[in-house]
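**Q** From first to last, the protein sequence lines stand for chains A and B.
Throughout the first sequence, residue numbering follows our numbering, covering 41 to 212 in sequence.
Throughout the second sequence, residue numbering follows our numbering, covering 41 to 212 in sequence.
Heads up, the beta-carbon is just placed ideally off N, CA and C, and yes, glycines get one too.
Since the structure is predicted, the reported quantities are computational estimates derived from the model, not experimental observations.
2 protein chains.
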Amino acid sequence: MVVASASLASANLPRTLLPAEIAHLDNLSYNEQGLIPAIVQDYLDGTVLMMAWMNRESLQKTLETGRTWFWSRSRQALWPKGETSGHVQWVKQIRYDCDSDALVILVEQVGEAACHTGARSCFFRTLPEKEGDPMPAADTLSHVFAVVKPARRIPGPIPTPAACWPRETTPS
Amino acid sequence: MVVASASLASANLPRTLLPAEIAHLDNLSYNEQGLIPAIVQDYLDGTVLMMAWMNRESLQKTLETGRTWFWSRSRQALWPKGETSGHVQWVKQIRYDCDSDALVILVEQVGEAACHTGARSCFFRTLPEKEGDPMPAADTLSHVFAVVKPARRIPGPIPTPAACWPRETTPS
């Protein structure tokens with residue numbers, strides 16, 4: 041898996057946007073409440089973590105600071121993701137669609153949970169509810185990454201695959 | 041990569057929904073126009089293909105038929121995806137979020153394009169526009185799959201990895 045090495049957050053932030061970037065923000069299509077849906081996706085394995093709403097100001101703050109800011113419709117206020125939980129989302133890339141009325145924000149999620157329930161993704165339930173549903177492959181990759189990630193942090197020699205999985209017998 | 045072997049489409053469809061399933065549809069949170077955003081994601085590699093809107097009726101038809109139906113806000117009509125293009129989306133799984141006000145539809149996309157522009161994903165532009173942006177890993181997997189997919193269709197012995205990539209010299 042190729043890991044993107046650069047991110048919006050790696051630049052000198054916070055920063056002042058260029059006039060062309062400001063103009064770009066104005067060219068997006070916001071709804072009658074001045075909002076645009078933002079789909080937040082894990083940049084590594086593609087898991088859709090959450091969907092929230094941005095207005096022009098929150099999108100500008102996202103670009104300026106390199107982390108996600110949303111607009112809370114219930115509180116009618118800007119909402120910096122992770123402010124209380126620490127589960128900040130560092131932005132790797134922002135995409136917009138063919139109608140310029142929806143965003144995909146590719147992020148590096150700090151912590152294991154993007155959802156306020158503690159789940160990694162807000163989309164943890166299926167319709168219809170089923171036990172033993174086949175796990176979509178995109179999620180399988182998420183789990184593989186969760187297994188491999190700690191091994192990457194072990195100092196010293198590169199661990200063997202056996203070190204990444206639990207085993208019943210102790211190596212001799 | 042583990043590939044989900046079952047899908048909603050593999051059951052005997054079209055089918056009549058169970059009373060519990062009907063009740064489930066009523067428990068979702070639709071907005072003031074009776075709509076809920078539906079994020080359509082490739083079930084294999086996690087690419088977000090498009091975002092569209094569903095109302096209760098289009099979601100019910102999606103469950104009944106095993107393919108995506110949306111609500112066109114501009115035409116104020118039900119819209120079966122792929123009706124004219126043939127680019128049908130077979131539904132593998134439907135997820136809903138912690139607030140019950142957004143859906144992720146995991147699909148098998150027929151054809152190479154989910155977008156009316158001919159692009160695989162509607163989210164083919166970045167903000168700010170940049171040449172040579174680092175490619176998010178989720179997209180890298182999409183490209184790997186595009187390379188590997190044709191090889192899976194070759195009848196006969198399982199192809200070697202070399203058969204999947206172009207090579208300058210002809211095998212002896």
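(1) Report the residue ranges of all beta strand (DSSP E) runs contained in full by the segment 95-179 of chain B; include only those spanning at least 3 residues, in chain order.
(2) Can you tell me whether P199(B) is helix, strand or coil according to DSSP?
(3) Look at the Cβ atom of C138(B), then the Cβ atom of T157(A), and state whether they are nearer than 8 Å.
(4) Return the first residue and the last residue of the beta strand (DSSP E) that P77(B) is part of.
(5) Are the C-beta of F110(B) and some C-beta of chain A separated by less than 8 Å?
(6) For the segment 157-168 of chain A, enumerate the residues whose C-beta is nearer than 7 Å to any C-beta of chain E, in chain order.
(7) Considering only the alpha carbon of each residue, which of T166(B), L167(B), E169(B), V150(B) lies closest to R160(B)?
(8) Nearest to A142(A) by alpha carbon, out of G106(B), Y70(B), M91(B), V80(B)?
(9) Could you give the DSSP three-state label for L89(B): helix, strand or coil?
(10) Roughly how many angstroms separate the alpha carbons of A186(B) and G86(B), rounded to a whole number?
(11) Which whole-angstrom value is the C-beta distance of Q253(B) and I145(B), which I expect to be below 8 Å?
(12) According to DSSP, is T209(B) part of a helix, a strand, or is it coil?
(13) Pull up the distance between the alpha-carbon of A178(B) and that of L84(A), whole angstroms please.
(14) Using 8 Å for Cβ pairs, my map puts T220(A) next to I134(B). What's the rounded Cβ distance?
(15) Does P59(B) pass the burial test, meaning 16 or more other C-beta atoms within 10 Å, or should it be called exposed?
(16) Counting only beta-carbon atoms, is L53(A) nearer than 8 Å to chain B?
(17) Below 8 Å on the Cβ atoms is my guess for N95(A) versus W111(A); work out the distance and round it to an integer in Å.
(18) When the Cα atoms are used, what is the spatial distance from V88(B) to F164(A)?
(19) For R55(B), which residues of its own chain have a beta-carbon under 8 Å away from its beta-carbon, when the five flanking residues on both sides are left out?
(20) Quick one: list the residues of chain A neighbouring G86(B), beta-carbon separation under 9 Å, in chain order.
(21) Taking all protein chains shown into account, decide if T102(B) is buried (16 or more other Cβ within 10 angstroms of its Cβ) or exposed.
(22) For I62(A), which of L53(A), R115(A), E97(A) has the nearest alpha-carbon?
(23) Under 8 Å, Cβ to Cβ, is there at least one residue of chain A near E152(B)?
(24) Quick one: give me the first and last residue of the alpha helix (DSSP H) that P59(A) is part of.
(25) Can you list, in chain order, the residues of its chain with a C-beta nearer than 7 Å to that of E152(A)? Leave out the 5 residues immediately preceding and following it.
(26) Nearest CA to the CA of L75(A): which residue from G126(A), R113(A), H127(A)?
(27) Check L53(B) in the structure and name its three-state DSSP category.
**A** For this structure:
(1) 109-112, 117-120, 129-136, 143-149
(2) Since pLDDT at P199(B) reaches only 49, below the 50 mark, its modelled position is unreliable, and the value read off the structure follows with that caveat. Correct three-state label for P199(B): coil.
(3) yes
(4) 75-82
(5) no
(6) Absent from the structure: chain E. Protein chains present are A and B.
(7) V150(B)
(8) M91(B)
(9) strand
(10) 13 Å
(11) This structure cannot settle anything about residue 253(B), because the visible part of chain B is limited to 41 through 212.
(12) Low confidence applies here, because T209(B) scores a pLDDT of 43, under 50, leaving its location unreliable and the question unanswered by this model.
(13) 6 Å
(14) The structure shown does not extend to residue 220(A), since chain A is modelled only from 41 to 212, so the question has no answer here.
(15) exposed
(16) no
(17) 4 Å
(18) 17 Å
(19) E104
(20) Q81, D82, D85, G86, T87, V88, P176, A177, A178, D179, L181, S182
(21) buried
(22) E97(A)
(23) no
(24) 59-67
(25) R160
(26) R113(A)
(27) coil
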